[in-house]
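Participant: From first to last, the protein sequence lines stand for chains E and W. Residue numbering for the first sequence follows the numbering used here, beginning at 1 and increasing consecutively. Residue numbering for the second sequence follows the numbering used here, beginning at 123 and increasing consecutively. Right, I'll just put the structure down here and ask away after.
There are 2 protein chains.
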Amino acid sequence: MYIEIDFNSDEAIYVQLRNQIFMAIATSQIKEGESLPSVRALADTIGVNMHTVNKAYSTLRQDGFLKVDRRRGAVVAIDIDKLTSMEKMKAYLRPLIARGICKGLTQEEIKELVDDLYDELS
Amino acid sequence: MYIEIDFNSDEAIYVQLRNQIFMAIATSQIKEGESLPSVRALADTIGVNMHTVNKAYSTLRQDGFLKVDRRRGAVVAIDIDKLTSMEKMKAYLRPLIARGICKGLTQEEIKELVDDLYDELS
DNA sequence: CTAATTGTTATACCTAGAATATAACAACCA
DNA sequence: TGGTTGTTATATTCTAGGTATAACAATTAG
């Protein structure tokens, strides 16, 4: 798993980490049932504190992307709840779409971006 | 202009404010060339500090949504730069799409959400 | 059995950002 | 002239992010 953190970004490290894990799962670099590195190991390789990685893992567990097993560590286990996922996605999307409309982006242009990203990420 | 702030949200007030102004412009509640309330007036009506509103206005100006005129205040003036807008949108969208793919959302389902939101916001 | 590693929790500390509170400035307008 | 505009400056409080140790029970490897 290739993780790259931008320490000069205004985005929190644990958020960057979370997003990269999203992308790794989406692109099947990590698959359902496979284990992620231990919090200490990953923290060591990317050069951050153990608790920063733990926070990323904890939020991923809470949002239904991981399950933590004593013997296997953090295992990818997606909790599929389409209704909730759609609602969350809609809430996240709303201000972005509004921003795009203000900037004159058309419905088709935005959906082309979705197509591009969907291809890039799966 | 109807602004509603959730003081218990983990989202910064100036970000909520920015997003609601996006939505107000997208839905034509405020139109190109029209003025927004003064920083002091808006701060007073929603019950926050003047600088919080000023920060929202400043970022909107910097991102090309407003222009500030001494005599007319903050005026809606969209700086259209489609290439930059598309790139920004793509960067914002990427982790969201990745998250959706992980949760099993299909390309069509995501584009339906875009359709719904585009209708809702224009 | 022992030693090392696992996730987890707790505590303490530092820093940066968010928000508030005043205050002042020049420019504008009634 | 007096009030309002956007803007800037300074100071304070509070919270979140990140780091640093430390300890715990459970598991695993030697």
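C-beta atoms are modelled at their ideal positions from N, C-alpha and C, and glycine is treated no differently. Computed from a predicted model, the values in this text were never measured in an experiment.
Three Cβ pairs or more, each shorter than 8 Å: is that satisfied between the stretch 93-107 of chain E and the stretch 154-164 of chain W?
Facilitator: no
Participant: If you measure from the beta carbon of Y14(E) to each beta carbon in chain W, is any gap under 9 Å?
Facilitator: no
Participant: Please decide whether M1(E) counts as near chain W, where near means a Cβ-Cβ distance under 9 Å.
Facilitator: no
Participant: For P37(E), would you say it is in contact with chain W, using Cβ-to-Cβ distances shorter than 9 Å as the test?
Facilitator: no
Participant: Just to confirm, is the Cβ distance from I147(W) to V198(W) under 9 Å?
Facilitator: yes
Participant: Spell out a yes or no on whether the stretch 57-75 of chain E and the stretch 182-196 of chain W are touching, meaning 3 or more CB-CB pairs, one atom from each, closer than 8 Å.
Facilitator: Verdict: no, contact absent.
Participant: Quick check: the Cα distance between I30(E) and E87(E), rounded to an integer number of angstroms?
Facilitator: 25 Å
Participant: Opposite K225(W) in the DSSP bridges: which residues?
Facilitator: DSSP, once it has assigned bridges, lists no residue as partnering K225(W).
Participant: Can you check which of these residues, N176(W), I127(W), D241(W), is closest to G195(W) by C-alpha distance?
Facilitator: N176(W)
Participant: With distance defined between alpha-carbon atoms, name the residue in D128(W), I219(W), L205(W) nearest to G169(W).
Facilitator: D128(W)
Participant: Between the Cα of Y118(E) and those of R216(W), Y136(W), E242(W), D238(W), spot the shortest distance and give me the residue it belongs to.
Facilitator: Answer by Cα proximity: R216(W).
Participant: Determine whether the beta carbon atoms of I101(E) and S244(W) lie at a separation below 9 Å.
Facilitator: yes
Participant: Have a look at D44(E) and Y179(W) and give me their C-alpha separation to the nearest angstrom.
Facilitator: 41 Å
Participant: Take the Cβ of R70(E) as the centre, count every other Cβ of all protein chains shown within 10 Å, and call the residue buried at 16 or more, exposed below.
Facilitator: exposed
Participant: If we ignore side chains and look at the alpha-carbon of each, how far apart do N171(W) and I143(W) end up?
Facilitator: 17 Å
Participant: Name the DSSP beta bridge partners of S157(W), please?
Facilitator: V197(W), per the DSSP bridge assignment.
Participant: Can you tell which of H173(W), I219(W), D238(W) has its C-alpha closest to the C-alpha of D115(E)?
Facilitator: I219(W)
Participant: Please tell me whether E154(W) and I200(W) are closer than 9 Å, where the distance is taken between their beta carbons.
Facilitator: yes
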